[in-house]
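So the sequence shown is numbered by the numbering used here: it starts at 239 and just counts up by one.
Using N, Cα and C, we set each Cβ at its ideal position, and we do this for glycine too.
None of the values given here were measured: they were computed from a predicted structure.
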Amino acid sequence: MKLRTKWIAGLAVVAVTGGVVVTRVVNDRGADSPDPDIAMVCDDRRPSRVDPGSYGMQNDGTFLHPALTYVNEEEQHPFPGGGEDLFPATGGYDPNTYKSDNVTVEAHYGGQRFTPDPFHSWQNIVDFDGRRYMFQYDRSEARVYDITDVKNVRVVESLSRADVADVDGNDEAVAGKDWAAHDFWGASTIQWSEKYGGYIMVQSFEMRRQIPFWLGDTPDHSKYASPAGVAAARADTQLKGFKVYKLNGPRKQDWQLLATVSTDEHQQNPLAPDFSKPQQGSGSLDVPHWDGGRYLFVSTAPSDDWSLQEYPTYLYANGFQVWDMADPAAPQLLDTWHREGMVRGEEAAYRANPRCGNRTSWMGSRNPLYIPTPIEEGGKYGFAAMGGFGMSIIDISDPSNLREVSHLDIPLSVSGTEADNVDVSQFERTGMVYLSGYPLSEDCYEPYKDIFQIDATDPANPRIVDRLPRPTPPKEAAVTDFCQRGGSFGPKRSGYYTSPGDPKDGLLIYDFYNAGAQFFDVTDPKKPTIAGYFAPPTFGPETEDWARSNPTHGVYVEYDRKIVWLLTNDGIYALSSEPLLGRPNLGAPTEPFRTSAR
Numbered sequence: 239m240k241l242r243t244k245w246i247a248g249l250a251v252v253a254v255t256g257g258v259v260v261t262r263v264v265n266d267r268g269a270d271s272p273d274p275d276i277a278m279v280c281d282d283r284r285p286s287r288v289d290p291g292s293y294g295m296q297n298d299g300t301f302l303h304p305a306l307t308y309v310n311e312e313e314q315h316p317f318p319g320g321g322e323d324l325f326p327a328t329g330g331y332d333p334n335t336y337k338s339d340n341v342t343v344e345a346h347y348g349g350q351r352f353t354p355d356p357f358h359s360w361q362n363i364v365d366f367d368g369r370r371y372m373f374q375y376d377r378s379e380a381r382v383y384d385i386t387d388v389k390n391v392r393v394v395e396s397l398s399r400a401d402v403a404d405v406d407g408n409d410e411a412v413a414g415k416d417w418a419a420h421d422f423w424g425a426s427t428i429q430w431s432e433k434y435g436g437y438i439m440v441q442s443f444e445m446r447r448q449i450p451f452w453l454g455d456t457p458d459h460s461k462y463a464s465p466a467g468v469a470a471a472r473a474d475t476q477l478k479g480f481k482v483y484k485l486n487g488p489r490k491q492d493w494q495l496l497a498t499v500s501t502d503e504h505q506q507n508p509l510a511p512d513f514s515k516p517q518q519g520s521g522s523l524d525v526p527h528w529d530g531g532r533y534l535f536v537s538t539a540p541s542d543d544w545s546l547q548e549y550p551t552y553l554y555a556n557g558f559q560v561w562d563m564a565d566p567a568a569p570q571l572l573d574t575w576h577r578e579g580m581v582r583g584e585e586a587a588y589r590a591n592p593r594c595g596n597r598t599s600w601m602g603s604r605n606p607l608y609i610p611t612p613i614e615e616g617g618k619y620g621f622a623a624m625g626g627f628g629m630s631i632i633d634i635s636d637p638s639n640l641r642e643v644s645h646l647d648i649p650l651s652v653s654g655t656e657a658d659n660v661d662v663s664q665f666e667r668t669g670m671v672y673l674s675g676y677p678l679s680e681d682c683y684e685p686y687k688d689i690f691q692i693d694a695t696d697p698a699n700p701r702i703v704d705r706l707p708r709p710t711p712p713k714e715a716a717v718t719d720f721c722q723r724g725g726s727f728g729p730k731r732s733g734y735y736t737s738p739g740d741p742k743d744g745l746l747i748y749d750f751y752n753a754g755a756q757f758f759d760v761t762d763p764k765k766p767t768i769a770g771y772f773a774p775p776t777f778g779p780e781t782e783d784w785a786r787s788n789p790t791h792g793v794y795v796e797y798d799r800k801i802v803w804l805l806t807n808d809g810i811y812a813l814s815s816e817p818l819l820g821r822p823n824l825g826a827p828t829e830p831f832r833t834s835a836r
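What follows is the structure, encoded as structure tokens:
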């Protein structure tokens, strides 16, 4: 999730801690925080502004990226030959479309009506009564679409907190027409349960990933400079954990709550959380990993002690928990795992990381383990993308005793998010996994985010053996490098494991922000190529100015119907590619999306 923040100098901030009022005047470099849970392990080593002559367009039409930048620089960063020079009439953003001949646009549904959030969203697909539905949502903003007819998609439910938009403070703490207080739609996995004869949804409930934006006296949302923001974040009494629902239909009114679970290790009974006071830790982040079998994996920090985190607007360093889902209505915690250097008392290990003190890097996981094969089917390994801590391979064969098999540090790439996504769809076939972070800044004002090809054939000794090709515009394009298009450029993620059908051998489909959808052919791991692409305009007629930095923010693939849904700041595109993905089915699926109980 991207944030727009600016540093201001001489800001007086006030916080109440343990009944004591703490006032601190900070400068634009950030004073040391009075909150003991804010990691200040190393001196402030925040990157300085980059010399504008040290990066930019090269004589051959390529772009040289800065070597090191600071995260709170999420505004446009014009450079000679960039978007502001090429597209002055549109504010520096490219209005053109670029597409390879082997990718077909089956439909485009543009505008605000089809976009719950033009900046970020999650997706799921379910089938009811012969109809196929897609959920797209980001906490309180959500849509339910009937996508049975790909060329005639309809919105069947729209959820929002627009009716409480004028509430001072945290509007999620206020009940509205669509949501109870502290309720929202968190990142979810939805799987079929034979026991319940229907879909079961496990939904993450995590604290916001920024210091509270509603505090008018702290426009710099950095935890290092805003004790009041930190105090407000910790005072929130929302659930930190996950909820389990049975879905009796595609609309929210059809959800049947089965369990409310706290990931706070201090809760006496995690199945009956105490909401009379704030829960500790982060809650469950992003899409939980549960394939409908016995074991659920979540990304979480179960205590405020898990706080060795550089990122300036986030309080926790997240590891993992595994839960027994033999009865989805009563999940049982089996184990908790983190890498040394994430928890208070482990400062020596944290200090050894070259990112210590940069006030920029995301440290720890943002997603649960990436698991190529379920434990019940003989799967033994989970892949942990842990931001600035790199990647670990975890032995999950005994879920009550998670064990690190190996660890891999990755090249420093600051700012932007490092080690965020692991595509494991090719692991069983080739032994390769694909590790990537994603950009945060506009106009390529940060190092390029490579997709690393990692040979994990020997899980005890993983190694980087290649990088997927960097996307480039076609020769007839108005730009020679995607950095000139405006907005961010780089990989986000290659969809989700929750997609219906089986991923195709040898094909990876990534959302690439202003480069749209990029189709990578990895059939031969020694010769990865870009086999197709579709890069839509970087904005639409209804796109808010603040959302133009995320031209596209996700792909979700129906492997059974051979349809790629591209989620953008101007609605949704339905794509197909018969040469790459197979002949598309634009009508009702031949079989409903189900997963067998294991």
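Practice item. Using alpha carbons as the reference points, say which of Val793, Lys742, Gln296, Ile801 lies closest to Gly733. Key: The sequence position of residue 733 within the sequence shown is 495, counting from 1. Considering only alpha carbons, the answer is Val793.
Review point. Alpha carbon to alpha carbon, how far is Arg369 from Asp384?
Key: Indexing the sequence shown from 1 puts residue 369 at position 131. Indexing the sequence shown from 1 puts residue 384 at position 146. Using only the alpha carbons, I get a separation of about 7 Å.
Review point. Under the three-state reduction of DSSP, which class applies to Lys389: helix, strand or coil?
Key: Reading the sequence shown from its first residue, position 151 is the one you call residue 389. Lys389 falls in the coil class under three-state DSSP.
**Study point:** the segment 432 to 449 in contact with the segment 389 to 403 per 3-pair CB rule at 8 Å
**Key:** no
Practice item. Helix, strand or coil for Thr307, going by three-state DSSP, please let me know. Key: In the sequence shown, counting from the first residue as 1, residue 307 sits at position 69. Thr307 falls in the coil class under three-state DSSP.
**Study point:** Per-residue burial, His303 [other beta carbons within 10 Å of its own, 16 or more giving buried]
**Key:** The sequence position of residue 303 within the sequence shown is 65, counting from 1. Per the 10 Å Cβ criterion, buried.
Review point. Can you pull the DSSP bridge partners for His527?
Key: Numbered from 1 along the sequence shown, position 289 holds the residue referred to as residue 527. Beta-bridge pairing links His527 to Phe535.
Practice item. Report the residue from Ser674, Gly654, Ile810, Tyr588 whose alpha carbon sits nearest the alpha carbon of Val662. Key: Residue mapping note: residue 662 aligns to position 424 of the sequence shown, counting from 1. Checked all of Ser674, Gly654, Ile810, Tyr588; the closest Cα to Val662 is Ser674.
Review point. Which one of Gly294, Gly319, Gly348 has the shortest CA to CA distance from Pro779?
Key: Numbered from its first residue, the sequence shown carries residue 779 at position 541. Measuring from the Cα of Pro779, the nearest candidate turns out to be Gly348.
Exercise for review: Tell me Tyr483's beta-bridge partners as DSSP assigns them.
Suggested key: Walking along the sequence shown from the start, residue 483 turns up at place 245. Tyr483 is bridged to Met439, Leu495.
Check your understanding: Which two residues bound the contiguous beta strand (DSSP E) that contains Ala411?
Key -> The residue labelled residue 411 in the question sits at position 173 within the sequence shown. Counting along the chain, Ala411 falls outside any beta strand (DSSP E), and DSSP gives it neither H nor E.
Exercise for review: Below 6 Å CB to CB, which residues in the same chain sit around Arg821 once its five sequence neighbours on both sides are set aside?
Suggested key: Here residue 821 corresponds to residue number 583 of the sequence shown, with the count starting at 1. So the list is empty, once near-sequence residues are dropped.
Check your understanding: Do the CB positions of Gly321 and Gly330 come within less than 7 Å of each other?
Key -> Here the question's residue 321 lines up with position 83 in the sequence shown. Here the question's residue 330 lines up with position 92 in the sequence shown. Result yes, Cβ atoms of Gly321 and Gly330 sit closer than 7 Å.
**Study point:** Backbone secondary structure at Trp417 - three-state DSSP
**Key:** For this step, residue 417 is matched to residue 179 along the sequence shown. Here Trp417 sits in coil by DSSP.
**Study point:** Where Asp365 sits in the DSSP three-state scheme
**Key:** Indexing the sequence shown from 1 puts residue 365 at position 127. Residue state, collapsed to three classes: strand.
Exercise for review: List the DSSP bridge partners of Asp748.
Suggested key: Within the sequence shown, the letter at position 510 stands for residue 748. Note on residue identity: the sequence assigns Tyr, not Asp, to residue 748. Paired residues: Gln756.
Review point. Can you list the alpha helix (DSSP H) stretches of 4 or more residues lying completely in the segment 777 to 805, in chain order?
Key: For the segment 777 to 805, not a single whole alpha helix (DSSP H) run of length 4 or above is found.
Exercise for review: Report all residues from its chain with a CB closer than 8 Å to the CB of Pro333; omit the five preceding and five following residues, and keep chain order.
Suggested key: Within the sequence shown, the letter at position 95 stands for residue 333. Taken in chain order, the residues that qualify are Phe325, Pro775, Thr776, Phe777.
**Study point:** Under the three-state DSSP convention, the category Val214 falls into
**Key:** Because the chain spans 239 through 836 in this model, residue 214 falls outside it and cannot be assessed.
Review point. Closest to Asn788 by CA distance: which of Gly583, Tyr771, Thr806, Gly294 is it?
Key: Within the sequence shown, numbered from 1, the residue matching residue 788 stands at position 550. Of the listed residues, the one whose Cα sits closest to Asn788 is Thr806.
Check your understanding: When DSSP labels each residue in this structure, what does Ala587 get in the three-state scheme?
Key -> Numbered from its first residue, the sequence shown carries residue 587 at position 349. In this structure, Ala587 counts as helix in the three-state DSSP scheme.
Practice item. Kindly indicate which three-state DSSP category Glu578 falls into: helix, strand or coil? Key: Position 340 of the sequence shown, counting from 1, holds the residue named residue 578. Reduced to three states, the DSSP call for Glu578 is coil.
Check your understanding: Using 8 Å as the Cβ pair cut-off and three pairs as the minimum, do the segment 521 to 540 and the segment 606 to 617 touch?
Key -> yes
Check your understanding: Among Gln517, Gln494, Leu496, which has the Cα closest to the Cα of Gln505?
Key -> Position 267 of the sequence shown, counted from the start, is the residue given in the question as residue 505. It is Gln517.
Point to revise | Among Phe621, Pro488, Leu496, the one whose alpha carbon lies nearest that of Phe366 | key: Here the question's residue 366 lines up with position 128 in the sequence shown. The candidate whose alpha carbon is nearest that of Phe366 is Pro488.
**Study point:** Beta-carbon proximity check, Arg731 vs Asn639, cutoff 7 Å
**Key:** The residue given as residue 731 occupies position 493 in the sequence shown. The residue given as residue 639 occupies position 401 in the sequence shown. Taking 7 Å as the Cβ cut-off, Arg731 and Asn639 do not qualify as a contacting pair.
**Study point:** Simplified DSSP assignment, three categories, for Ser396
**Key:** The residue labelled residue 396 in the question sits at position 158 within the sequence shown. Of the three classes helix, strand and coil, the one that applies to Ser396 here is strand, per DSSP.
Review point. Near Gly268, what residues of its chain come up, given a Cβ to Cβ distance below 7 Å and the 5 sequence neighbours on each side ignored?
Key: Start at 1 with the first residue of the sequence shown, and residue 268 comes out as number 30. Residue placement at Gly268 is poorly supported in this model, since its pLDDT is 37, which falls under 50; the coordinates still yield a value, given next. Asp282, Ser460, Tyr462, Ala463, Arg597.
Practice item. Compute the beta-carbon to beta-carbon distance between Pro763 and Met670, rounded to the nearest angstrom, for a pair I have assumed lies under 8 Å. Key: The residue you call residue 763 lines up with position 525 of the sequence shown. The residue you call residue 670 lines up with position 432 of the sequence shown. Contact holds; Cβ gap of about 5 Å.
Exercise for review: For Val440, I'd like the list of residues in its chain whose CB is within less than 6 Å of its CB, leaving aside the five on either flank, ordered along the chain.
Suggested key: Translated into positions along the sequence shown, residue 440 becomes position 202. Excluding residues within five positions, the ones whose Cβ falls inside 6 Å are Thr427, Phe480, Val482, Pro526, Trp528.
Exercise for review: Going by DSSP, name the residue or residues bridged to Asp719.
Suggested key: Here residue 719 refers to the residue found at position 481 of the sequence shown. Looking at the DSSP assignment, Asp719 forms no beta bridge with any residue, so it has no partner.
Review point. Gly467 to Pro450, Cα distance in whole Å?
Key: In the sequence shown, counting from the first residue as 1, residue 467 sits at position 229. In the sequence shown, counting from the first residue as 1, residue 450 sits at position 212. Spanning the two alpha carbons is a distance of roughly 6 Å.
Check your understanding: Which one or two residues does DSSP pair with Glu444 in a beta bridge?
Key -> On the sequence shown, position 206 is the one that residue 444 refers to. Under DSSP, the beta-bridge partners assigned to Glu444 are Gly521.
Check your understanding: Is Ala345 helix, strand or coil when you go by DSSP?
Key -> As a working note, residue 345 is residue 107 in the sequence shown. If DSSP states are grouped into helix, strand and coil, Ala345 belongs with the strands.
Exercise for review: Apply the 10 Å Cβ neighbour rule to Asp298 and answer buried if 16 or more other Cβ atoms are within range, or exposed otherwise.
Suggested key: As a first step, residue 298 is located in the sequence shown; it is residue number 60 there, counting from the start. Exposed, since its Cβ has fewer than 16 Cβ neighbours within 10 Å.
Point to revise | Trp784, buried or exposed, once every other Cβ within 10 Å from all chains shown has been counted against 16 | key: Translated into positions along the sequence shown, residue 784 becomes position 546. Trp784 should be labelled exposed.
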